[in-house]
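Chains as they are written, first to last, in my numbering: chain U, 1 to 249; chain W, 1001 to 1271. Working notes, structure below.
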């Protein structure tokens, strides 16, 4: 039997990465919870609404203990979105899903201006390793600059941020950026901006001859592009599900 | 100091072998000891263009495998004392070339010659990457049409990544040699114009060889075009290109372009 789909629009599925806090409890768990309470009392509500992953890789724990731990954390308003490093036998229905493949990020320091008086700042920092908090102001690397032409067959992949090319991007070359793509030359190949889910990313080029353009998973091939944009300095952005373009200058 | 030149293109049939022979003969005519090396193992052609096909006894694969000494495999040109050929094997395939073997042969050639010109096979596989591996200078042979230009662009990317120089953090000197250029067709728009090709590839131009029956005639009689008919348009273009590769400054002429007195006086410097 064949189902008839009345709506032929496809479903968009995208990968996206988020920065989550990772809690790594240490035995004995009672003492660890006490330290957590201490930290929470100094800066109230800092776990509120934050995604938290529980790392149990280095913890000798059974299913009942894990369940208990999650409940205890729940009472403290720490909501666990996933459990990393757990054996399959630890899980039961209703528990947060198992997570793997997390990429390490730098340890997060407790900011000095948190709700506590300055005296506690030092001790708060000492506690940082066991209870990471507030993300650091911004990630340092957020753009790269390529000073030569990108040749056919080469691909520049930079999910962390913007890519700027001082030169042309050849037919058969591609630029994949988590942020915006800036090309000070002719874009003849492919440019994919906002590749990790950034709808506000844009593509800029001095001369548009592109084979394919994409922003946040929405793409346009050379055939779909307005012919009057060819050879022009153009910027492209996303509005809803369509790529908009306008001539620069 | 010996210089290694690779003549390469990515795409087949654009004139690599013809250009290797013509540049080799042009450099040898400057009284500099030159060897042309055929890397197209399995599909060798350079011996035919050089008119040495009946004199091949040993080839580069024999030298690499230790069956022959390098001097046994080198063939001296009958017309030019300073020009030599190291032929490829027709019966083997490109896997017979090993990285160590090629390195050894190159090191030995460098001791005896001023110019070592490697005729690369088409493609981007083993034969082509081994041919470019030791190059100091690359001559990228391109026809004024889109597929050739794109393949050349790919090769330029490889030259910046896979050569010994690139691995040492240095650069291979790159020159664009535009071949089979037909001014009438370029004017009509059937062919990419010189400026378009230069804009896409953004490497300096070393010469523009016009499409000519002289090239075919020279190949058929087994002589590099710079030896067969030194006064023909393609021969002149190759001679000028060879002088530029050797470091001379020679004004560039675009075939078929009508120039006024001013243009003639100042010539044309490309990119």
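We put the CB at the ideal spot given by N, CA and C, even for glycine. Keep in mind the model is a prediction, meaning the values are calculated, not measured.
Scanning its chain for C-beta atoms nearer than 8 Å, with the 5 sequence neighbours on each side dropped, one finds around residue 1097/W the residues 1039, 1041, 1060, 1061, 1064, 1126, 1127 and 1130, in chain order.
Boundaries of the alpha helix (DSSP H) harbouring residue 1022/W: 1016-1028, taken from the DSSP string. If you compare the alpha carbons of 226/U, 172/U and 197/U with that of residue 1201/W, the shortest gap goes to 172/U. In the three-state reduction of the DSSP assignment, residue 1132/W falls in the helix class. Just so you know, the alpha carbons of residue 1045/W and residue 1110/W end up roughly 23 Å apart. The three-state secondary structure of residue 1238/W, taken from DSSP, is helix. Using a C-beta cut-off of 8 Å, the region 1161-1181 of chain W makes contact with the region 1130-1140 of chain W, since at least three inter-stretch Cβ pairs fall below that distance. By the C-beta density criterion, residue 1242/W is buried, having at least 16 other C-beta atoms within 10 angstroms.
Minimum Cα-Cα distance from residue 194/U among the listed residues 47/U, 162/U, 95/U and 34/U corresponds to 162/U. Contact between residue 50/U and residue 21/U holds, with the beta-carbon distance rounding to 6 Å and staying under 8 Å.
In this structure, 1245/W is the residue among 1178/W, 1245/W, 1253/W and 1250/W with its C-alpha nearest to the C-alpha of residue 1027/W. Those residues of the region 1155-1170 of chain W placed with their C-beta closer than 7 Å to a C-beta in chain U are 1156 and 1157, ordered along the chain. Distance from the CA atom of residue 153/U to the CA atom of residue 248/U, rounded to whole angstroms, is 28 Å. Taking all protein chains shown into account, residue 30/U has fewer than 16 neighbouring C-beta atoms within 10 Å of its C-beta and is therefore exposed.
Contact of residue 152/U with chain W by beta-carbon distance below 8 Å involves 1150, 1151, 1153, 1154 and 1157. Listed in chain order, the non-local C-beta contacts of residue 1075/W below 6 Å within the same chain comprise 1052, 1055 and 1085, local neighbours out to five positions each way being set aside. It is roughly 50 Å from the alpha-carbon of residue 1035/W to the alpha-carbon of residue 214/U. Around residue 1202/W, the beta-carbon contacts reaching into chain U at under 8 Å are 149, 167 and 168. A direct Cα-to-Cα measurement between residue 224/U and residue 1158/W gives close to 32 Å. In the structure shown, residue 99/U adopts extended strand secondary structure according to DSSP, grouped into three states. At a cut-off of 3 residues, the continuous stretches assigned as beta strand (DSSP E) that sit fully inside the region 1095-1140 of chain W are 1115-1119.
In terms of Cβ geometry, residue 144/U and residue 158/U form a close pair [threshold 7 Å].
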